[in-house]
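Input: a single structure, listed below in structure tokens.
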Amino acid sequence: MQYERKEYPTEAKELEYLTNKNQYAPENEFEALMMALPNHEPADIDDISPLRLAIMQCVDALDDRDKYVIDAIYTERITYEELGARLGYKPQPKGSPQAFMLTKAALARLKDLMYENDLIIGYLKDTGVL
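Quick note: this note's numbering has the sequence shown finishing at residue 141, numbered continuously throughout.
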């Protein structure tokens, strides 16, 4: 059975209410930090810019493979199956467990780097995440 996508008109207030709701809860405090609404800018961009710079520095400190894996999954939004194929792993019926494990390991290394950054830790403490 194939479903057909239908568009329904939505009032501006209801649309704003719906877009301010997260579709899922973040897995950890760093995913919560990185989540942002589309077309939403903070009221004071100067307060958030050093934080973004600190996060970029942590990402830059990763090795090339970790950066590639994180970029492929979160920026390109490819599947683990496609990532596994790009990395030369044998195709699996339900995705690529190797690609999944590489992604989780890369995120763990990024998390460790973020825990070493005083600015990020300070921000997380100030917002009550830690």
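Ideal placement from N, C-alpha and C gives every residue a C-beta, glycine not left out.
Pick from the options: whose alpha carbon is nearest that of residue i?
| i | options | result |
| --- | --- | --- |
| S107 | L94, L130, K136, A117 | L94 |
| A83 | R63, G139, L98, C69 | L98 |
| L113 | I131, Y126, N128, E92 | E92 |
| I81 | P61, S60, A110 | A110 |
| P61 | V140, G139, N128 | N128 |
Pick helix, strand or coil for residue i, following the three-state DSSP scheme.
| i | result |
| --- | --- |
| I89 | coil |
| Q34 | Note on Q34: pLDDT 49, under 50, position unreliable in the model; the coordinate value appears next. In the structure shown, Q34 sits in coil (DSSP, three-state: anything other than H, G, I, E or B). |
| A65 | helix |
| G139 | coil |
| G99 | coil |
| A72 | coil |
According to the neighbour-count rule (16 or more other Cβ atoms, all chains shown, within 10 Å of its Cβ), is residue i buried or exposed?
| i | result |
| --- | --- |
| A65 | buried |
| A116 | exposed |
| M67 | exposed |
| D137 | exposed |
| Y134 | buried |
Could you tell me the boundaries of the alpha helix (DSSP H) in which residue i lies?
| i | result |
| --- | --- |
| G106 | Looking at the DSSP string, G106 is not in any alpha helix (DSSP H), and its letter there is neither H nor E. |
| V80 | 75-81 |
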